[in-house]
Each structure stands twice: as structure tokens, then as C-alpha cells.
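Since the structure comes first, as C-alpha cells, the remarks are kept for the end.
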Amino acid sequence: MSPFKGQTGLKRILNAAGYSLDGLRAAFTGEAAFRQLVLLNVVLIPLAFFCDVSRGERALLIAVCLLALIVELLNSAVEAAIDRISLEQHPLSKNAKDMGSAAQFIALSLITVVWATVLLG
0 MSPFKGQTGL
10 KRILNAAGYS
20 LDGLRAAFTG
30 EAAFRQLVLL
40 NVVLIPLAFF
50 CDVSRGERAL
60 LIAVCLLALI
70 VELLNSAVEA
80 AIDRISLEQH
90 PLSKNAKDMG
100 SAAQFIALSL
110 ITVVWATVLL
120 G
């Protein structure tokens, strides 16, 4: 059992918040794709508030943008774990990284489809 699992209550919440901020900092400083998605979100999320759409549609426009950030964080985590195991090229490592990339491609496609459907529909 991990010694870090023994925390409870407020201490656990504070530790978790710190780990989350560390992860966001690591992604922002070490991953160009994450920085690009942050920039996209800085543009699209405020734009969603200027669009003449319902509150539900606005929430959907924002949600798909945030989803792409989540997918990129998970993709970066998979890549880091694979690289930690070995930098040697291996078909399973390639598959894992390619699947993470495919997930991000789908998330970005989802942004395009949802924004186009809401704004042009």
C-alpha cells in the first residue's frame, strides 16, 4: 500500500489540489500540444459567451473545449508512462501512443462538429 494513501479529510484535498496544479504546470511547460489547446480554449470559451445560443448550447460549446484539454492531459500521461518504461521502440508502445493521439484527434473533431452544428444549425 502506498504511504501517500493514508491522508484523509482536508489534508487529502490539499494534497490532491497540489498534485493537480503540478500536473497542469508540467503539461503547460513540457507539452506544446497542451499549450496550443489552452490557446484554443482562451479563444473559444469567451467566444461561446458572445454567440447567440441557448445556455445548454453554450455549456456544450465550452464542455467540448475542456474535454480536449482532458484528453490531452491523459494522452501526455500515457506517453510519459510509456517513455518511463523504455525509450526503445516497441509495437505495443507505438500502439499506446498512437491510440492516445487518435483520442485527441477525435476530441478535436468533436469540437469542430459541435461548434459547426450549434452555430450553423
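For what it's worth, numbering that gives the first Met the number 0 labels the leading residue of the sequence shown as 0, then goes sequentially.
We put the beta carbon where it would ideally sit given N, CA and C, even for glycine.
Hey, would you say the C-beta of residue i is under 7 Å away from at least one heavy atom of the ligand FMN?
{"i": "residue 118", "result": "The model depicted lacks the ligand FMN and carries no ligand whatsoever."}
For residue i, count the other beta carbons within 10 Å of its own beta carbon; 16 or more makes it buried, fewer makes it exposed. Which is it?
{"i": "residue 108", "result": "exposed"}
{"i": "residue 42", "result": "exposed"}
{"i": "residue 112", "result": "exposed"}
{"i": "residue 33", "result": "buried"}
{"i": "residue 26", "result": "buried"}
{"i": "residue 115", "result": "exposed"}
{"i": "residue 106", "result": "buried"}
{"i": "residue 31", "result": "exposed"}
Can you tell me which of the options puts its alpha carbon nearest to the alpha carbon of residue i?
{"i": "residue 29", "options": "99, 72 and 11", "result": "72"}
{"i": "residue 78", "options": "91, 57 and 34", "result": "91"}
{"i": "residue 65", "options": "13, 36, 11 and 6", "result": "36"}
{"i": "residue 120", "options": "23, 38, 11 and 50", "result": "50"}
{"i": "residue 94", "options": "81, 104, 105 and 117", "result": "81"}
{"i": "residue 23", "options": "57, 70, 118 and 8", "result": "70"}
{"i": "residue 40", "options": "12, 67, 7 and 9", "result": "67"}
Report task. Count the CB pairs spanning the segment 56–64 and the segment 11–20 that are closer than 8 Å, and state whether there are at least three. Result -> no
Requested in this report: Quick one: which unbroken alpha helix (DSSP H) runs of 4-plus residues sit fully inside the segment 10–49? Chain order, please.
Outcome: 31–49
Query raised in the report: Does the pairing of the segment 96–112 with the segment 72–82 give three or more beta-carbon distances under 8 Å?
Result: yes
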